[in-house]
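Going by our numbering, the sequence shown opens with residue 183, and the numbers climb by one from there. Comments concern the structure below.
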Amino acid sequence: MKQFIFGLFFGLTVAIADAAPAHVHGEARLEISIDGEQLVIALESPLDSLLGFEHLPRDAGERQAVESMAAKLKEAGKVLVPSAAAQCASTGVELESPVLGGKSEPGGHNDLDARYTWRCAKPEALRDVATGLFGVFPRLQRIVVEFAGPLGQRAGRLDARNPRFSW
Ligand SMILES: [Zn+2]
183 MKQFIFGLFF GLTVAIADAA PAHVHGEARL EISIDGEQLV IALESPLDSL LGFEHLPRDA
243 GERQAVESMA AKLKEAGKVL VPSAAAQCAS TGVELESPVL GGKSEPGGHN DLDARYTWRC
303 AKPEALRDVA TGLFGVFPRL QRIVVEFAGP LGQRAGRLDA RNPRFSW
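Here it is in structure tokens:
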């Protein structure tokens, strides 16, 4: 019984941790999902990992830095590269962050959320996604990846030396 309660408590703690991922500077999260011909990748990163600051821009230099970050993230083909054989075409990039017009978190820590979508002519050939984020954003050190596709779920970690997630 004791063991059961411990297991239940531990499971619950893990579930809560999953629901509210930690905001860790230097780290970002990617959620990759395949649904039929559609590939969807959600990126969530502390602004510190991309910008070096998390407050709303205060001067022209900081506004310029925000615009430059957004422009780089919108280049889907440089940020994320799905398996070439799957013949995926980018169908959209959406960015959301307090620095792009929104409310700042009370604690002063702010994230950027991005959503990338592709339509793939041969989704069965999707085997991996490589990221160029480490080259574009040197403050970014690690990416925690969660994947869900027709073959099941997987998780992994990427860094500058290992920028490709395979399944
Ligand atoms: Zn922060």
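C-beta: ideal position from N, C-alpha, C; glycine also. Quick caveat: nothing in here was measured; it's all calculated off a predicted structure.
List the endpoints of the continuous alpha helix (DSSP H) containing residue i.
i: phenylalanine 316; result: 315-318
Measuring alpha carbon to alpha carbon, tell me which of the options ends up nearest residue i.
i: valine 331; options: Glu219, Pro280, Gly243; result: The sequence given here places glycine at residue 331; valine does not occur at that position. Nearest option by C-alpha distance: Glu219.
i: aspartate 293; options: Gly234, Ile216, Phe329; result: Gly234
i: alanine 312; options: Phe329, Val281, Arg346; result: Arg346
i: lysine 256; options: Ala296, Arg336, Phe316; result: Ala296
i: valine 248; options: Arg324, Val281, Pro320; result: Val281
i: valine 261; options: Arg343, Phe316, Gly334; result: Phe316
i: valine 206; options: Leu333, Leu232, Val222; result: Leu232
i: aspartate 310; options: Ser286, Pro264, Ala242; result: Pro264
i: alanine 204; options: Glu287, Ala271, Ser227; result: Ser227
i: glycine 314; options: Val222, Leu277, Asp341; result: Asp341
i: alanine 252; options: Gly334, Leu229, Leu221; result: Leu229
i: arginine 245; options: Gly283, Leu277, Gln323, Arg321; result: Gly283
i: leucine 221; options: Ala266, Cys270, Gly243; result: Cys270
Residues in its own chain within less than 6 Å of residue i by CB, not counting five upstream and five downstream?
i: alanine 201; result: Residue confidence is low: alanine 201 scores 48 on pLDDT, short of 50, so the model does not pin down where it sits. No coordinate-derived value is stated.
i: valine 318; result: Lys254
i: phenylalanine 329; result: Ile214, Arg336, Trp349
i: alanine 224; result: Glu213, Arg297
i: valine 275; result: Lys256, Ala258, Tyr298
Under DSSP, the beta strand (DSSP E) around residue i begins and ends at which residues?
i: serine 227; result: 220-228
i: alanine 210; result: 209-217
i: glycine 338; result: 334-340
i: alanine 330; result: 324-331
i: phenylalanine 347; result: 346-348
Looking only at its own chain, which residues have a Cβ that is under 7 Å from the Cβ of residue i, when we skip the five neighbours before and after it?
i: valine 326; result: Glu209, Arg211, Arg339
i: alanine 268; result: Cys302, Lys304, Pro305, Ala307, Leu308
i: threonine 273; result: Thr299, Trp300, Arg301
Tell me which residues share the same chain as residue i and place their Cβ nearer than 8 Å to its Cβ, disregarding the 5 neighbours each side in the sequence.
i: glycine 290; result: Glu236, His237
i: serine 279; result: Leu229, Asn292, Asp293, Leu294, Asp295
Which full runs of the alpha helix (DSSP H) of 4+ residues lie inside the stretch 239-280, going along the chain? Here the runs fully enclosed are 242-256, 258-261.
Stretch-stretch touch, CB-based, cutoff 8 Å, three pairs: the stretch 229-242 with the stretch 299-310: No: the two stretches stay apart, fewer than three of their Cβ pairs being nearer than 8 Å.
Which runs of the beta strand (DSSP E), 3 residues or longer, sit entirely within the stretch 280-314? 293-302, 310-313
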